[in-house]
Amino acid sequence: MSGRLLDAVPLNSLTGVGAAQSSKLAKIGLHTVQDLLLHLPLRYEDRTHLYPIGELLPGIYATVEGEVLNCNITFGGRRMMTCQISDGSGILTMRFFNFNAAMKNSLATGRRVLAYGEAKRGKYGAEMIHPEYRLQGDLSTPELQETLTPVYPTTEGVKQATLRKLTDQALELLDTCAIAELLPPELAQGMMSLPE
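In terms of UniProt numbering, the sequence shown is residues 1 to 196.
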């Protein structure tokens, strides 16, 4: 792709973008790699440090780590899965309304979990509804993000993680491809060029 302009490089040239994904991305105006690079985040989330569960306040977005104490499915007005985790400073309930058997099995008692979401005051203390989470394995120190996490405008069927991975691939192409100038020549006259 050396020397090509990124407005001529279709998104399906990126790993993980087939016909179905291209169609979903087109719904939000993304057709080329340049479109993707100019699809700016709505906001950034700070997932770079851990909060002790016992210090969570309602309304803050936080990353917490804990050991799964229990995971139960309850049936009431709506089927729900609740998992309680603890880091020694407190207990957090993770509440899921959309879940499957694989999720329940992965959140087995004793597993370490890193979760990110909005802290709320629940019936039994702190809780997060549908937090993003990942299992920590046997690591003694959690794998935190090193930078702020972008949150992009999206559409049904396109996850944030997908947009982040595609954007990372697009940024790598900047080494070998150029961004097309979007300003008409009469407006760009006297301004620095893109390479400058």
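Yeah, the Cβ is synthetic: ideal placement off N, Cα and C, and Gly gets one too.
Remember, predicted model here, so these are calculated numbers, not experimental data.
Can you tell me whether Ile-60 is buried or exposed, with buried defined as 16 or more other CB within 10 angstroms of its CB? exposed
Residue span of the alpha helix (DSSP H) that contains Arg-164, given as start and end: 160-173
Per the DSSP calculation, residue 198 is bridged to which residue(s)? No information on residue 198 is available, as it lies outside the stretch 1 to 196 that the chain covers here.
Check whether the segment 94-101 and the segment 116-131 are in contact - that is, three or more C-beta pairs closer than 8 Å. yes
For the 8 Å Cβ check, are there 3 or more pairs between the segment 50-64 and the segment 21-28? no
Flag this pair as touching only if the segment 2-22 and the segment 143-153 have three or more C-beta atom pairs under 8 Å; answer yes or no. no
Could you spell out the range, first to last residue, of the beta strand (DSSP E) harbouring Glu-132? 132-135
Short of 7 Å in beta carbon distance, which residues of its chain neighbour Gly-66, apart from the five on each side in sequence? Order them along the chain. Ile-53, Ile-85, Ser-86, Asp-87, Leu-92, Val-113
Considering only the beta carbon of each residue, do Asp-35 and Ala-180 sit closer than 8 Å? no
8 Å CB neighbourhood of Lys-104 in its chain, flanking five on each side removed: Cys-71, Ile-73, Met-81
Counting C-beta neighbours from all protein chains within 10 Å, is the total for Leu-56 16 or more, i.e. buried, or is it exposed? buried
How is Ala-20 classed by DSSP in three states: helix, strand or coil? helix
Using alpha carbons as the reference points, say which of Leu-173, Ala-102, Ser-22, Asn-98 lies closest to Arg-78. Asn-98
Same chain only: Cβ atoms within 8 Å of Ala-108, ignoring 5 sequence neighbours per side: Val-68, Cys-71
Could you pull the start and end residues of the beta strand (DSSP E) that Thr-45 belongs to? Note on identity: in this sequence residue 45 is Glu, with Thr being the wrong assignment. 43-45 is the extent of the beta strand (DSSP E) around Glu-45.
Below 8 Å between beta carbons: does that hold for Arg-121 and Pro-58? yes
CB-CB length for Ala-20 against Val-64, believed under 8 Å: Contact flag wrong, Cβ pair sits at about 35 Å.
Determine the DSSP secondary structure at Ile-179, reduced to helix, strand or coil. coil
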